[in-house]
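Enquirer: Starting off with a structure, shown below.
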Amino acid sequence: MNIWDKAVDFHGHTCGGLALGVRAAIEAKKRFGIDRAEDEEVVCITENDACGVDGIQSVLGCTMGKGNLIYHGTGKFAFNFYSRKTGESFRLMARDKKEGLHGQEYIEYVLTAPVEDVFIESDTKLPLPRPAKALNSVKCEICGEAAPENKIRLMDGKHVCLDCYEDYNRGW
């Protein structure tokens, strides 16, 4: 099975968004000289939570579970890529959709056109995140469910999870 078919199988259908993610991931593989991220040697900070993210996961092997896929919700169809080995990084932002291309025609264009016709390249806007680490779990004193210590808040002298936490503000 080829890269595109694997990505479609993972995502569930064909679409232009998936094609953009696949193409961005292929570009990262080329630039960083890797096949697939086994651990955190490659990091992707995605600025969107759309179909293209599945292309990044399928092709590049960046996942939230491994800690090398991070969501930074600007809503822009952009991906920031980092190599921990070389220190290299770059950002790809999808160009406006090419007029007159729809469906399979657009997908073929995204997958085969010169990368500079599909994306605007720039420097990354965010610093390389620290490697993921295991955190201690703390039980919420209200619901009893455990959460990592960085997600626990102190409320009325109790350690509570984000679901149970009631933020205090004065209306502004």
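Count the sequence shown with my numbering and you get residues 13 to 184, in order.
A virtual CB, placed ideally from N, CA and C, is assigned to each residue, including glycine.
The structure presented is a predicted model; accordingly, all values stated were derived computationally and were not measured.
(1) Between the stretch 25-32 and the stretch 40-51, do at least 3 Cβ pairs fall closer than 8 Å?
(2) Where residue 38 and residue 111 are concerned, what is the direct C-alpha to C-alpha distance, given to the nearest angstrom?
(3) If distances are taken between C-alpha atoms only, which option among 74, 61, 68 and 13 comes closest to residue 144?
(4) Alpha carbons only, please: which of 45, 89 and 82 is nearest the one belonging to residue 63?
(5) Return the first residue and the last residue of the alpha helix (DSSP H) that residue 201 is part of.
(6) Taking buried to mean at least 16 other C-beta atoms within 10 Å of its own C-beta, is residue 22 buried or exposed?
(7) Distance cutoff 8 Å, beta carbons only. Does residue 88 sit that close to anything in chain C?
(8) Taking the beta strand (DSSP E) that residue 133 falls in, what are its first and last residues?
(9) Under the three-state reduction of DSSP, which class applies to residue 102: helix, strand or coil?
Expert: The relevant details are as follows:
(1) No contact exists between the stretch 25-32 and the stretch 40-51.
(2) Roughly 24 Å between the two C-alpha positions.
(3) Among 74, 61, 68 and 13, the Cα nearest to that of residue 144 belongs to 74.
(4) Shortest Cα-Cα distance from residue 63 to any of 45, 89 and 82 involves 89.
(5) Given a span of 13 to 184 for the chain in the structure shown, any question on residue 201 remains unanswerable.
(6) Label assigned to residue 22: exposed.
(7) In the structure shown, chain C cannot be found, because there is only a single protein chain.
(8) Following the DSSP letters along the chain, one finds residue 133 inside the beta strand (DSSP E) bounded by residues 131-134.
(9) If DSSP states are grouped into helix, strand and coil, residue 102 belongs with the strands.
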